[in-house]
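Residue numbers (this note's numbering), protein chains in the order written: chain A, 172 to 358; chain B, 172 to 358; chain C, 172 to 358. Glycine included, C-beta positions come from ideal geometry on N, C-alpha and C.
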Amino acid sequence: MEAKRSLLAIFLLLSFLSISTAAPTRKTRTRKPCKSTVFYFHDIIYNGHNAKNATSAIVGSPQWGNKTILTGQNHFGDLVVFDDPITLDNNLHSKPVGRAQGFYIYDKKDIFTAWLGFSFVFNSTQHKGSINFAGADPLMNKTRDISVIGGTGDFFMARGVATLMTDAFEGEAYFRLRTDINLYECW
Amino acid sequence: MEAKRSLLAIFLLLSFLSISTAAPTRKTRTRKPCKSTVFYFHDIIYNGHNAKNATSAIVGSPQWGNKTILTGQNHFGDLVVFDDPITLDNNLHSKPVGRAQGFYIYDKKDIFTAWLGFSFVFNSTQHKGSINFAGADPLMNKTRDISVIGGTGDFFMARGVATLMTDAFEGEAYFRLRTDINLYECW
Amino acid sequence: MEAKRSLLAIFLLLSFLSISTAAPTRKTRTRKPCKSTVFYFHDIIYNGHNAKNATSAIVGSPQWGNKTILTGQNHFGDLVVFDDPITLDNNLHSKPVGRAQGFYIYDKKDIFTAWLGFSFVFNSTQHKGSINFAGADPLMNKTRDISVIGGTGDFFMARGVATLMTDAFEGEAYFRLRTDINLYECW
């Protein structure tokens, strides 16, 4: 009788545990971010006259393009290298907390769309390390999602999604991107 | 006596559970894809005369190259930006289900080899979101594996391997790549 | 009495298991690499006169640059495509075990910094497959961490961190990078 009761207890326990043992793995797959941060970065493209202030430059262009004026047809084919200041708020003149470094290529004739490969590079008391990004940026959409493909230092082995929003856009001269980073893999 | 029997049961249970608790983590490492799909994309390179039909253009080239003719030495150094239609079958004229957007760089003098960074961008009733790819494409091989480095929307946090196969190749004018995507991390 | 004793045993077991069931997931997050390797790769940039030995070439440059001389301002804006031999030791003339293929872009005016997108491509008896890398390379630092964003073949689904060290640097003519690869996700 006691043995039967304790066997029953074991079976209940077994049922309970088989659920709880499955849980940890599922938990790592939850869509709740393990880390969320917001940054802004600021891009001033070189136009032949602003070498002092420019943070980016055209370094590749199609046959019909040149290196100081973004081409027609939605800049299709222009490759731009950048080293943009990262700030915590949307003020270009705030103290930078890091640099956004990499490139974008305008890759569509009909509308503005670009492909991005870049890193956020931090070296301050607050953050050390880098976050690496890649993905398509259909920049006329209000929000665009790209991938966090890796990280180092404080962001060791990070993976996630970054949502880009154009926070300001002054013709060809200046744009500011709000970047909401949500990491779903943290180490 | 009953106590001994139930303790035996507990030890058997323990042995069983210690195996089953290890299993979930291993399971996430199986090489069985959690999602498999096949797409085709179609690339028509700009040659100076086909602006209307072209889906890609040379935007970088070595000293000895130019922007309308792929260079000798297996196109070493040519950087091409593309916005190619994606179809479900191998017919260029099938209704596109998305766009393959990004770049490739021919990076070897002896044979045709390229490095790819691009995205599949979907915005239809069937698929929304993007898949991001990077990797080496030794394009004379029958099949080539590149990495799925991330995804957004329907492909949130995807990781996997994409196998490229040249399905058609018409000189410098047109090529079609079959892309077998196997995801091993799905969320 | 026996039933009480066995129930106590079950509770002890339960406490023990609830710890051990949590363990497997944490274990996959340990910072102990599942694979570590060291490689060297060697870059000789094309300068207009060394076509035979060069392993890389400038294919994009800012307005003020050209394709045979790295520009001033810390080469800001120069895009270089490479196909560099990989060796197991730091001797350029050792038998290559693979090729490092991809690109780097110098992306800062004040100091030497580049953004890298490339692959190690192996096709020998020892290694088959590829490792894909991306990240920022502030190359004046003694060590720099970039991300392993994926892999194929022997390196199927790899993720990790690669530490770059400039092992030799001969002006603009030649550099050698030591690459310590630590994978934290192996399949």
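Between residue i and residue j, what straight-line distance do the alpha-carbon atoms span, to the nearest angstrom?
{"i": "I320(C)", "j": "T323(A)", "result": "12 Å"}
{"i": "D338(B)", "j": "Q297(A)", "result": "51 Å"}
{"i": "N303(A)", "j": "G306(C)", "result": "6 Å"}
{"i": "N218(C)", "j": "T334(C)", "result": "28 Å"}
{"i": "M311(A)", "j": "I257(A)", "result": "22 Å"}
{"i": "T239(C)", "j": "K299(B)", "result": "44 Å"}
{"i": "V209(B)", "j": "D351(B)", "result": "5 Å"}
{"i": "N353(B)", "j": "S301(C)", "result": "17 Å"}
{"i": "R202(C)", "j": "S318(C)", "result": "14 Å"}
{"i": "H264(B)", "j": "F291(B)", "result": "18 Å"}
{"i": "A228(A)", "j": "N221(A)", "result": "10 Å"}
{"i": "D255(C)", "j": "T314(C)", "result": "20 Å"}
{"i": "F283(B)", "j": "Y277(A)", "result": "25 Å"}
{"i": "G342(A)", "j": "L259(A)", "result": "23 Å"}
{"i": "Y355(C)", "j": "K266(A)", "result": "35 Å"}
Buried or exposed: which applies to residue i, given that a residue is buried once 16 or more other Cβ atoms fall within 10 Å of its Cβ?
{"i": "G331(B)", "result": "buried"}
{"i": "D316(C)", "result": "buried"}
{"i": "S207(C)", "result": "exposed"}
{"i": "M328(C)", "result": "buried"}
{"i": "S295(B)", "result": "exposed"}
{"i": "T226(B)", "result": "buried"}
{"i": "H246(B)", "result": "buried"}
{"i": "K198(C)", "result": "Per-residue confidence for K198(C) stands at a pLDDT of 42, beneath the threshold of 50, marking its modelled position as unreliable; the derived number appears in the next sentence. Exposed, by the Cβ-count rule."}
Taking the CB atoms as reference points, tell me whether residue i and residue j lie closer together than 9 Å.
{"i": "Y361(A)", "j": "F253(A)", "result": "Chain A is shown from 172 up to 358; residue 361(A) falls before or after that span and cannot be answered."}
{"i": "A344(A)", "j": "D308(A)", "result": "no"}
{"i": "W231(C)", "j": "V230(B)", "result": "Here the sequence assigns Gly to residue 231(C), which means Trp is not the residue at that position. The answer is yes: Cβ separation under 9 Å."}
Excluding five sequence neighbours on each side, which residues of the same chain lie with their C-beta closer than 7 Å to the C-beta of residue i?
{"i": "G236(C)", "result": "T242, G248 and D249"}
{"i": "F346(A)", "result": "D214, T337, A339 and F340"}
{"i": "C357(B)", "result": "C205, K206 and A329"}
Can you name, in chain order, every residue of its own chain whose Cβ lies under 8 Å from the Cβ of residue i, other than the five neighbours on each side?
{"i": "N224(A)", "result": "I215"}
{"i": "N261(B)", "result": "Y211, D338, A339, R347 and R349"}
Please return the same chain residues whose Cβ sits closer than 6 Å to the Cβ of residue i, not counting the five positions on each side in sequence.
{"i": "Q369(A)", "result": "The question about residue 369(A) has no answer, for chain A in this structure spans 172 to 358."}
{"i": "F326(B)", "result": "G300 and I302"}
{"i": "P233(C)", "result": "G248"}
{"i": "R200(C)", "result": "none"}
Is residue i near the ligand FAD, with its Cβ less than 8 Å from a heavy atom?
{"i": "E356(C)", "result": "With respect to the ligand FAD, the structure shown offers nothing to examine, as it has no ligands at all."}
### Task
Please confirm if the stretch 252 to 270 of chain B is in contact with the stretch 251 to 268 of chain C, defined as three or more CB-CB distances below 8 Å between the two stretches.
Output reads no: the stretch 251 to 268 of chain C does not touch the stretch 252 to 270 of chain B.
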